[in-house]
Amino acid sequence: MEALQEIYNSIVQAEHLSPFLVMGILILAGFAGGWVAKLLRLPHVTGNILGGVVVGPACLGLIGTHEQLHGLQPLSTFAMSLVAVSIGGHLSYRRIHNSLRRIISISLFEVSLSVITVMIAARLFGMDWPTTCLLGGIAASTAPATTIALIREMRAKGPFVKTLISTVALNNIFCILIFVLMRTFVAAYFESGETAGKVDDALILSAYNLFGAMALGLGAGWLCKVLVSKPKFHDFSTILLTIVLLDGLAAYLQLSPLLVNLFLGVYLGNSSEVAERQLTTLVPLEPILYVCFFTLAGVSLHLDAMLSVGGLALIYIGARVLGKSIGAALGGMVGKCSPRIWQNMSFALYPQSGIAIGLVVLLSNDAYIPEEIKQVVSAIILAGVTIAEIAGPFCTKAALARSGEANRDRERLVEFLAEEFIMLNLKAVDKWDAIRQLASFLMLTHRVEHITHEELYESIVNREKEMSTAIGHGIAIPHGRIDKGPAIQGVLAICREGIDFDAPDGEPIKLIMLIVTPEAKKEMHLKVLGSLSSMLSSETIRNRLIAALSPEDVMEVIESKEVRGFNYFLE
Amino acid sequence: MEALRPIIDLVAASEMSPFLMISILILAGVLGGWVATLIRLPHITGNILGGLLVGPACLGVIRDHSDIVSLQPLSTFAMSLIAVSIGGHLSYRRIHNSIRRIVSISIMEVGCTVSLVIVVARLFHMDWPMSLMLGAISAATAPATTIALIRELRCKGPFVKTLVSVVALDNIFCILLFVMMRTFVSAYYESGDTAGQIDEALLLSAYHLLGAGFLGFLAGWISKKLVSIPKFHDFSTILMAIMVCDGLASYLGLSPLLVNLFFGVYLGNSSEVAEKQLTTLEPLAPILYICFFTLAGASLHLDSMMEVGGMALVYFASRFVGKGLGAALGGVLGKCSRRLWQNMSFSLVPQAGIAIGLVVLLDADEHMPREMTNAVGAIILAAVTINEIVGPFFTKAALIRSKEHGRDRERLVEFMAEEFIMVDLKATDQWDAIRQLTAFLMRTHRVEHITQEELYQTIIDREKQMSTGMGEGIALPHGRIKKGRSIQGVIGISREGIDFDAPDGKPVKLIMLIVTPESAKNMHLKVMGSLSAMVSDETVRNRLIAAISPEDAMEVIESEEARGFNYFLD
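Those protein sequence lines, which keep their order, are chains A and B. First residue of the first sequence? That's 2 in this note's numbering, and the numbers climb one at a time after it. First residue of the second sequence? That's 8 in this note's numbering, and the numbers climb one at a time after it.
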């Protein structure tokens with residue numbers, strides 16, 4: 002017994018938990034919460050967050066001392082950076098070139114409306130101007146990590162998801178810029194009592210935040226691209242190191258790590274094929290980092306702050322929800338997108354976490370702003386985040402489910418039936434001109450590095466000259482075969498005036514699908530052609546397609562109940 | 008200029024974040040490694056020097072030792088990853104017929120090093136407690152340095168296998184010895200007598216060994232269960248398991264190295280899926296290794312080296328001699344080839360993380376007087392500085408001299424390795440020999456897709472059609488199976504000879520049993536051709552039949568005359 006005492010003593014010496022054990026407890030709690038959430042059909046992230054609340058100081062108190070949270074902070078920053086890179090990667094020109102209008106319109110409206118409603122509500126409830134401005138600045142952001150995690154969990158894919166991700170990316174950029182502006186004004190107000198002379202400073206600082214982040218992110222992206230193109234560089238290490246370095250430099254230069262990494266993602270997504278592949282190099286790390294991130298967020302939720310400023314936080318949340326919903330709906334209508342998208346978008350922008358907390362931390366480092374203001378703002382924001390992170394995922398999950406895009410991120414027969422490959426209002430003098438225009442549209446929207454535009458055009462025209470590919474009812478399916486390439490690629494064009502294609506029934510062609518099949522996929526070619534022509538065999542569908550207002554509208558028809566079955570999932 | 012004022016104010020006030028520190032360290036390491044490659048130094052020496060350069064000892068970009076301490080978990084994690092990988096090498100299928108020399112070399116080198124260091128320390132008038140502590144710590148060889156060098160040189164073969172296993176064992180011994188010695192020394196300072204403390208010392212050592220074994224195996228068993236479920240993400244599971252092992256080990260006062268070593272042992276000896284997990288975290292390895300060595304470089308104590316320089320040199324020299332003599336003696340006793348023990352003598356010098364970890368443990372012991380722990384700490388830190396800068400040269404030279412570098416690539420006949428060779432096959436007849444070799448194949452390969460009886464039946468069926476004896480005492484029985492990834496085989500040597508109905512009637516002394524899966528059938532003829540060409544040389548044949556151990560057979564197969572037949576596929 003005495004001997005065992007010795008062992009016991011040696012154990013008890015290790016009274017403080019090592020960082021590994023803290024992380025182990027954290028992640029296990031997150032997993033357990035996620036598992037329970039799955040059983041109860043709650044969003045996975047909510048489970049992680051609640052798991053964190055349970056082991057955190059608010060409940061069991063296993064972990065969550067101030068030093069522990071501070072020590073694990075870099076992990077959260079890194080997880081958030083990974084999310085930012087992934088979001089930036091979605092902002093690739095090839096993906097959003099014909100949906101830019103609705104993306105920008107929705108983001109502008111929802112950001113400005115949520116900022117304005119929060120500010121008005123704050124003033125109405127008697128807060129002073131500085132608090133109002135700071136709350137308004139922070140209200141704009143939506144949590145990118147929560148959004149991405151929910152999209153992954155539900156395997157969602159489609160125009161709504163694309164719009165949602167892009168809007169979240171943009172609203173975080175706007176939020177950071179607005180916050181920097183507001184903070185400079187507020188700090189100047191307290192420093193010298195006047196704000197008028199500080200417009201220059203505020204603008205310069207915002208510009209520094211935007212362009213500094215851009216220069217750093219794009220520069221790092223370029224460096225990465227050059228490095229990973231050399232075979233002896235280890236991709237995983239290169240990207241990992243780049244993100245770590247960017248986080249370090251951003252913190253050193255007082256830029257936002259989120260913005261910097263967002264631009265890194267934008268560069269990788271818009272640059273070469275090799276660079277684009279790097280966006281998925283760190284995927285093995287993601288599950289555990291996400292669980293870590295959300296559980297940590299749960300541990301650091303301030304339930305006490307919520308109780309102390311409960312009323313004000315509810316006002317903030319209420320105003321923000323109202324602003325986001327009305328703004329998204331208004332923006333959607335102005336951007337002329339379908340009701341399905343704007344209706345669901347109104348509910349998908351509530352989550353708020355890391356960025357808002359990060360901005361509060363920035364605020365607390367500002368020497369000019371008085372303590373009372375900082376405390377009020379941070380209590381309201383922390384309480385607001387607590388509510389937004391627990392309730393927000395439900396709304397986003399519901400919106401994703403209602404949009405009908407859940408569970409569609411799987412391989413389908415015709416992968417190129419997506420919004421970005423659709424061209425409306427094709428104007429061509431004759432059939433050869435139409436084919437030439439579509440071939441260049443295909444080059445523009447797909448990553449085609451193995452064949453030149455001229456070769457592609459040649460191979461399609463050669464086939465066309467053998468026999469017209471018009472199949473009647475105003476439809477033509479010109480196609481070509483090439484040697485290399487990863488998959489069957491194609492574009493869809495609608496021409497309201499009609500083009501003469503030497504069709505067997507003599508009708509002018511209004512719907513053109515251009516298809517390019519690589520040698521490796523030739524057994525799929527006939528299946529794809531068959532599926533496309535049976536999809537277009539119904540006259541209603543044809544007429545609705547030809548009458549479509551926008552590429553997105555075309556997608557609504559293609560994904561409608563009647564025809565979506567033709568483009569079945571391959572698994 | 009005035010307009011940019013706010014930006015300058017902003018940036019001037021900022022401090023270095025952990026991210027920036029890590030990136031500077033890694034970049035310094037990468038740069039050092041690159042320079043090292045250019046001037047043909049070992050890569051890790053470059054990393055260490057890079058770390059030294061940016062560390063407090065030199066440029067001071069990383070100013071503070073407390074900064075380095077905050078990055079400690081990263082080092083611990085890297086070391087744990089290495090421990091898992093080393094543990095995975097200790098799989099029964101790999102070392103079943105080389106255990107003798109591995110155990111003999113490790114015991115002799117640990118014994119020699121520890122006693123020599125203690126004796127020399129006493130000769131130089133250090134007191135008993137200090138001599139004992141130095142002696143115990145001297146046993147450890149740096150696993151990370153060894154593994155990194157083996158990877159860098161792409162080494163593979165009996166020497167590398169022995170080296171990795173010896174390093175694994177000597178770290179286990181070192182930790183046990185250290186726990187024992189510390190208990191004695193601590194009791195000596197506490198109550199002045201040590202005699203009554205033997206029980207306690209043994210108990211604590213047993214706790215360290217069995218506790219780590221239990222924890223590691225348990226973690227291994229749980230991981231194996233989890234990764235067998237398809238929806239579990241392998242990478243996350245293993246990452247998590249290692250972290251929990253580290254956390255629990257330090258909570259329970261166990262060594263994270265030992266716990267993860269046993270974790271690796273479990274994975275390596277358990278099922279096929281579990282074994283695959285040993286490589287799941289591979290993508291993380293390069294950057295973690297660089298981090299580890301650069302961090303080690305940044306925390307080297309050049310100042311303490313100056314202070315206790317003389318003593319550190321004495322410790323270094325006695326350890327060097329002890330390791331060299333011990334390894335040679337152990338090799339001779341374990342009857343291994345000269346090539347092996349000669350090179351082994353020089354490859355056990357590196358010492359890093361474990362030794363420093365033990366010094367930290369010593370510091371935390373409140374019964375030890377400060378002067379003693381400070382002196383031991385200074386000597387060990389100074390010696391680690393020398394060992395880590397000098398050691399890699401010796402290990403690299405030994406690896407090159409062993410001629411096993413550049414051989415970790417795919418070869419035509421992958422099953423020509425020591426663990427697949429059986430000398431002294433004793434069989435009553437042809438069928439008994441085939442049955443024994445089939446059982447040997449099942450035991451030494453991971454075969455989960457076919458039972459032994461089915462395998463035996465296929466080979467027998469083929470054999471009954473026509474004898475596979477090819478004359479000159481050689482037989483190549485073979486069978487074809489449906490599933491499986493690659494051609495597998497074993498080599499059996501029988502001194503008495505077995506009647507195989509060979510065309511020339513001679514008894515068969517060399518049997519190579521080959522199993523070809525359907526997917527690799529186009530390789531089958533190439534493998535058979537290469538094997539028969541290799542043994543058609545009479546000298547090679549006779550030397551193989553006369554081999555006294557599997558290792559000896561490998562020396563013949565890898566000799567200048569024969570190794571060309573088993574060419575590299577790339």
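Quick reminder that beta carbons are idealized off the backbone N, C-alpha and C, glycines included. The structure presented is a predicted model; accordingly, all values stated were derived computationally and were not measured.
Where do the ends of the alpha helix (DSSP H) carrying residue i lie?
i         : result
B/Ala-226 : 205 to 235
B/Cys-119 : 106 to 130
B/Pro-399 : 377 to 408
A/Arg-411 : Looking at the DSSP string, A/Arg-411 is not in any alpha helix (DSSP H), and its letter there is neither H nor E.
A/Met-444 : 432 to 446
B/Ile-46  : First-last for B/Ile-46: undefined, no H or E at that position.
Using the beta-carbon of each residue, which ones in chain B are nearer than 7 Å to residue i?
i         : result
A/Pro-285 : Phe-242 and Pro-290
Rounded to whole angstroms, how far is the Cβ of residue i from the Cβ of residue j, which I believe are closer than 8 Å?
i         : j         : result
B/Lys-533 : B/Arg-487 : Rounded, the Cβ-Cβ distance is 15 Å, inconsistent with contact.
B/Val-420 : B/Ser-537 : 6 Å
B/Gly-341 : B/Ser-111 : 3 Å
A/Ile-461 : A/Ile-423 : Wrong, their Cβ atoms sit about 18 Å apart, outside the cutoff.
Rounded to whole angstroms, what is the Cα-Cα separation between residue i and residue j?
i         : j         : result
A/Ala-15  : A/Gly-62  : Reliability fails at A/Ala-15, whose pLDDT of 47 lies under 50, so the model's placement of it is uncertain and no value is given.
A/Val-449 : A/Val-335 : 34 Å
A/Ile-289 : A/Leu-219 : 27 Å
A/Thr-397 : A/Met-536 : 32 Å
A/Cys-134 : A/Tyr-268 : 33 Å
B/Arg-450 : B/Gln-495 : 12 Å
B/Gly-62  : B/His-456 : 54 Å
A/Asp-305 : A/Trp-130 : 26 Å
A/Glu-553 : A/Glu-420 : 6 Å
A/Gly-332 : A/Pro-58  : 41 Å
B/Gly-338 : B/Glu-565 : 20 Å
A/Gly-48  : B/Tyr-296 : 35 Å
B/Pro-376 : B/Asp-177 : 28 Å
A/Ile-478 : A/Val-564 : 18 Å
A/Gly-240 : A/Leu-224 : The residue asked about is misnamed: residue 240 of chain A is Ile in this sequence, not Gly. C-alpha separation (whole angstroms): 10 Å.
B/Asn-549 : B/Gln-437 : 21 Å
B/Ser-77  : B/Leu-209 : 34 Å
B/Ala-175 : A/Val-275 : 40 Å
A/Leu-92  : B/Ala-151 : 42 Å
B/Glu-525 : B/Arg-416 : 23 Å
B/Leu-38  : A/Phe-32  : 39 Å
B/Ala-359 : B/Trp-135 : 24 Å
B/Val-430 : B/Arg-101 : 16 Å
In chain B, which residues lie with their C-beta within 9 Å of the C-beta of residue i?
i         : result
A/Met-183 : By Cβ distance, chain B contributes nothing, its closest Cβ being about 15 Å from A/Met-183, past 9 Å.
Between which residues of its own chain and residue i is the CB-CB distance below 8 Å, once the five residues before and five after are set aside?
i         : result
A/Leu-217 : Leu-247, Leu-250, Ala-251, Leu-254, Leu-256, Val-261 and Phe-264
B/Trp-41  : Gly-53
CB-CB under 6 Å to residue i, same chain, minus the five flanking residues each way: which ones, in chain order?
i         : result
B/Lys-516 : Gly-480, Ser-501, Gly-504 and Ile-552
B/Val-335 : Checking the sequence shown, residue 335 of chain B turns out to be Ala, not Val. Excluding positions up to five away in sequence, the list reads Trp-348 and Ser-352.
Suppose the cutoff is 7 Å on Cβ atoms and the five residues either side in sequence are ignored; what does the same chain contact list for residue i look like?
i         : result
A/Asp-410 : Arg-156, Ala-157 and Lys-158
B/Gln-284 : Ser-230, Val-234, Asp-241, Ile-245 and Leu-274
Given that residue i touches chain A, what residues does it touch there, using C-beta distances under 8 Å?
i        : result
B/Pro-63 : In chain order: nothing, as chain A lies at least about 19 Å away.
Since residue i is in the beta strand (DSSP E), which residue starts that stretch and which ends it?
i         : result
B/Ser-501 : 495 to 505
A/Gly-499 : 490 to 500
A/Arg-482 : 480 to 483
B/Met-519 : 515 to 524
Anything in chain B within Cβ reach of residue i, meaning under 8 Å, just list it in chain order.
i         : result
A/Ala-400 : Ordered by position in chain B, no residue passes the 8 Å Cβ test against A/Ala-400, which lies about 26 Å from the chain.
A/Ser-87  : The premise fails here: A/Ser-87 is roughly 17 Å from chain B at the closest Cβ pair, so nothing lies under 8 Å.
Cβ closer than 8 Å: which chain D residues qualify as neighbours of residue i?
i        : result
A/Leu-18 : Protein chains A and B are contained in the structure displayed, whereas chain D is not.
Anything in chain A within Cβ reach of residue i, meaning under 7 Å, just list it in chain order.
i         : result
B/Ala-543 : Reading the sequence as shown, one finds Ser at residue 543 of chain B and not Ala. Neighbours of B/Ser-543 on chain A: none; closest Cβ ~40 Å, over 7 Å.
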